[in-house]
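Heads up, the thing below is written out as structure tokens.
What follows is the structure, given as structure tokens:
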């Protein structure tokens with residue numbers, strides 16, 4: 001090692017430090033912008049996917065609701081038919097009962 005002394009002015013050293021700080025700040029700003037852009041892009045992508053899923057869910061829910069409505073209408077029609085069949089069966093049973101009593105009376109006389 002040599003015993004040479006190198007001298008710099010304080011102004012040149014401070015300028016060099018200041019320039020280095022500016023360069024680092026610029027790099028940080030550039031990185032921050034890149035991160036912000038990527039985050040915004042990711043956020044848009046997530047929002048689009050969420051909106052798409054929401055739309056699909058709503059369509060499927062509407063289809064299920066329509067099918068349920070059709071089932072309810074069908075059930076109401078079946079209930080009406082069963083009620084009608086019950087009334088007809090009651091009439092037939094009443095008529096048969098009267099016919100049996102008539103036969104009993106006829107046979108007993």
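In full-length UniProt numbering, the protein residues as written are 1 to 109.
Ideal Cβ placement from N, Cα and C applies to all residues, glycine included.
No experiment lies behind these values; they were computed from the predicted model shown.
Under the three-state reduction of DSSP, residue 47 is assigned to helix. A direct Cα-Cα distance of roughly 56 Å separates residue 10 from residue 48.
Secondary structure at residue 36: helix, using DSSP grouped into helix, strand and coil.
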